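Visitor:
Residue numbers (the working numbering): 245 to 540.
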């Protein structure tokens, strides 16, 4: 019988990942602002919300201790760079009618994470993992052969987020504290960019409409809300279960791209996604088998 905790965790996980999958809708509504301006507002307002959240959670001591620790700050500066690249490319892709490619990026992200762990951490791959990564590579190769270029948006999203996870895995820091420090590191550049943008007359904040201004401010809440819900889910579910729920987000984005935004989904895309889905099916089977062995 499923415990109430697990049921709550499943509900929270579905909520968090569904929200992440629907985020393209939000960024589409504020595309009057450029990707750099949107990213800057996302960083600044996220800091405001996260600081309040840390206060409510009683984690200020850990936050200040992290700011004083060079051992933590140096890798957090790297992870801040990686997450800013991920956010910027994601926003640019959505506002450039490439939602489908963002979903591809987050589909292959778990496989990229395993690949990076093998290369960087020297973790060994079993046969199913090697097979899954090989099939995913064929999917990318298909895009390269058919279009003459690799799906760089998908690869950038997958490798930047995979690298981000790898760096954060090596740092002994609370997730909320870490994200607050990361956004705080990025904040001076975000503020500087907005000042330059506004002084040159190219910024849209406080110029076009009150609705757009409010939505730009809300970009911080849009960033923080799913993270809070995800953290609550993580306390109630196993890592294996969370790993399976993560495919909800790219699946929702995939459906948005096809059904709502009418993006091209021809033979090339069908072949690529079929190969990626096959690779993920093998990867999930391997994860479940490992989980069962661990339980046994």
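Cβ atoms here follow ideal geometry from the backbone N, Cα and C, with glycine treated the same way.
All values derive from a computational prediction rather than experimental measurement.
Can you tell me which of 352, 289, 490 puts its alpha carbon nearest to the alpha carbon of residue 520?
Guide: On the chain shown, position 276 is the one that residue 520 refers to. Of 352, 289, 490, the residue nearest in Cα terms is 352.
Visitor: Which word fits residue 513, buried or exposed, when buried means at least 16 other C-beta atoms lie within 10 angstroms of its C-beta?
Guide: As a first step, residue 513 must be located in the chain shown, where it is residue number 269. With 16 or more Cβ atoms within 10 Å of its Cβ, residue 513 is classed as buried.
Visitor: Around the Cβ of residue 370, are there at least 16 other Cβ atoms within 10 angstroms (buried) or fewer (exposed)?
Guide: Mapped onto the chain shown, residue 370 falls at position 126. By the 10 Å Cβ count, residue 370 comes out exposed.
Visitor: Do the segment 457 to 475 and the segment 285 to 294 touch if we need at least three Cβ pairs shorter than 8 Å?
Guide: Short answer: they touch.
Visitor: Does the segment 479 to 494 come within contact of the segment 326 to 339, defined as at least 3 CB pairs closer than 8 Å?
Guide: Result no; under three Cβ-Cβ pairs closer than 8 Å.
Visitor: DSSP state of residue 325, grouped into three classes?
Guide: In the chain shown, the residue the question calls residue 325 occupies position 81. Helix, per DSSP.
Visitor: Applying the 10 Å Cβ sphere with the 16-neighbour rule, what's the burial state of residue 290?
Guide: Against the chain shown, residue 290 aligns to sequence position 46. It counts as buried.
Visitor: In chain order, which continuous runs of the alpha helix (DSSP H) of length 4 or greater are located wholly inside the segment 418 to 475?
Guide: 419 to 443, all fully within the segment 418 to 475.
Visitor: Taking the continuous alpha helix (DSSP H) assigned at residue 251, which residues delimit it?
Guide: Here residue 251 refers to the residue found at position 7 when the chain shown is read from its first residue. First-last of the alpha helix (DSSP H) with residue 251: 248 to 273.
Visitor: Using only CA atoms, which one of 497, 258, 503, 527 lies nearest to residue 338?
Guide: As a working note, residue 338 is residue 94 in the chain shown. Here the closest residue by C-alpha is 497.
Visitor: Quick one: grab the DSSP three-state call for residue 277.
Guide: Working through the chain shown from its first residue, we reach residue 277 at position 33. Of the three classes helix, strand and coil, the one that applies to residue 277 here is coil, per DSSP.
Visitor: Around the C-beta of residue 315, are 16 or more other C-beta atoms found within 10 angstroms, so that it is buried, or is it exposed?
Guide: The residue labelled residue 315 in the question sits at position 71 within the chain shown. When all chains shown are included, residue 315 counts as exposed.
Visitor: Go through its chain and collect everything with a Cβ distance to residue 256's Cβ below 6 Å, but skip five positions before and after it.
Guide: As a working note, residue 256 is residue 12 in the chain shown. Once the five neighbours on either side are set aside, the close Cβ partners of residue 256 are 473, 476, 477.
Visitor: Put residue 345 into one of helix, strand or coil per three-state DSSP.
Guide: Indexing the chain shown from 1 puts residue 345 at position 101. Note: residue 345 maps to helix in three-state DSSP.
Visitor: Quick one: is the Cβ of residue 368 within less than 8 Å of any heavy atom of the ligand FMN?
Guide: This structure simply doesn't include the ligand FMN, nor any ligand for that matter.
Visitor: Taking CB distances under 9 Å as the criterion, tell me whether residue 475 reaches chain C.
Guide: Chain labels in this structure do not include chain C; a single protein chain is all it has.
Visitor: Looking only at its chain, what residues have a beta carbon closer than 6 Å to the beta carbon of residue 245, apart from the 5 residues adjacent to it on each side?
Guide: On the chain shown, residue 245 is found 1 positions in, with the first residue counted as 1. The predicted position of residue 245 is uncertain, since its pLDDT is 46 and thus under 50; no value can be drawn from it.
Visitor: Quick check: residue 402 and residue 355, are their CB atoms within less than 9 Å of each other?
Guide: Taking the first residue of the chain shown as position 1, residue 402 is located at position 158. Taking the first residue of the chain shown as position 1, residue 355 is located at position 111. Taking 9 Å as the Cβ cut-off, residue 402 and residue 355 qualify as a contacting pair.
Visitor: Here's the rule: buried if 16 or more other CB atoms are within 10 angstroms of the residue's CB, otherwise exposed. What is residue 529?
Guide: For this step, residue 529 is matched to residue 285 along the chain shown. Per the 10 Å Cβ criterion, exposed.
Visitor: Under 8 Å: do the segment 259 to 270 and the segment 394 to 409 share three or more Cβ pairs, one atom per stretch?
Guide: Because the criterion of three Cβ pairs below 8 Å is not met, the segment 259 to 270 and the segment 394 to 409 do not touch.
Visitor: CA-CA distance, residue 451 and residue 365?
Guide: Reading the chain shown from its first residue, position 207 is the one you call residue 451. Reading the chain shown from its first residue, position 121 is the one you call residue 365. The alpha-carbon atoms of residue 451 and residue 365 are separated by roughly 49 Å.
Visitor: Following the continuous alpha helix (DSSP H) through residue 370, name the residue where it begins and the one where it ends.
Guide: Against the chain shown, residue 370 aligns to sequence position 126. It is not in any alpha helix (DSSP H) - residue 370 carries neither H nor E in the DSSP assignment.
Visitor: Count the other CB atoms within 10 Å of the CB of residue 526; is the residue buried (16 or more) or exposed (fewer)?
Guide: As a first step, residue 526 must be located in the chain shown, where it is residue number 282. Buried, because 16 or more other Cβ atoms sit within 10 Å of the Cβ of residue 526.
Visitor: Using 10 angstroms around the beta-carbon of residue 417, count the other beta-carbons present and answer buried if the total reaches 16, otherwise exposed.
Guide: The residue you call residue 417 lines up with position 173 of the chain shown. Flag for residue 417 reads buried.
Visitor: Could you tell me how far apart the beta carbons of residue 360 and residue 302 are, in whole angstroms, since I believe they sit closer than 8 Å?
Guide: Here residue 360 is taken as the residue at index 116 of the chain shown, counted from 1. Here residue 302 is taken as the residue at index 58 of the chain shown, counted from 1. Their Cβ separation, rounded to whole angstroms, is 34 Å, which puts residue 360 and residue 302 out of contact at 8 Å.
Visitor: How many angstroms separate the CA atom of residue 298 from the CA atom of residue 382?
Guide: The count along the chain shown starts at 1 and reaches residue 298 at position 54. The count along the chain shown starts at 1 and reaches residue 382 at position 138. Their Cα atoms are separated by approximately 44 Å.
Visitor: Taking Cβ to Cβ, would you say residue 372 is nearer than 9 Å to residue 533?
Guide: Start at 1 with the first residue of the chain shown, and residue 372 comes out as number 128. Start at 1 with the first residue of the chain shown, and residue 533 comes out as number 289. Yes, these two residues count as a Cβ contact at 9 Å.
Visitor: Which term fits residue 439, buried or exposed, when burial requires 16 or more other beta carbons within 10 angstroms of its beta carbon?
Guide: Counting from 1 along the chain shown, the entry for residue 439 is found at position 195. The residue in question, residue 439, is exposed, as its Cβ has fewer than 16 Cβ neighbours within 10 Å.
Visitor: Once you ignore the five residues that flank residue 342 on each side, which residues in its own chain have a CB closer than 6 Å to its CB?
Guide: What you label residue 342 is simply residue 98 of the chain shown in a count that begins at 1. Contacts found: 397.
Visitor: Given that a residue counts as buried once 16 or more other Cβ atoms are within 10 Å of its Cβ, and exposed if not, what is residue 458?
Guide: Walking along the chain shown from the start, residue 458 turns up at place 214. Classification of residue 458: exposed, given that the 10 Å Cβ count is below 16.
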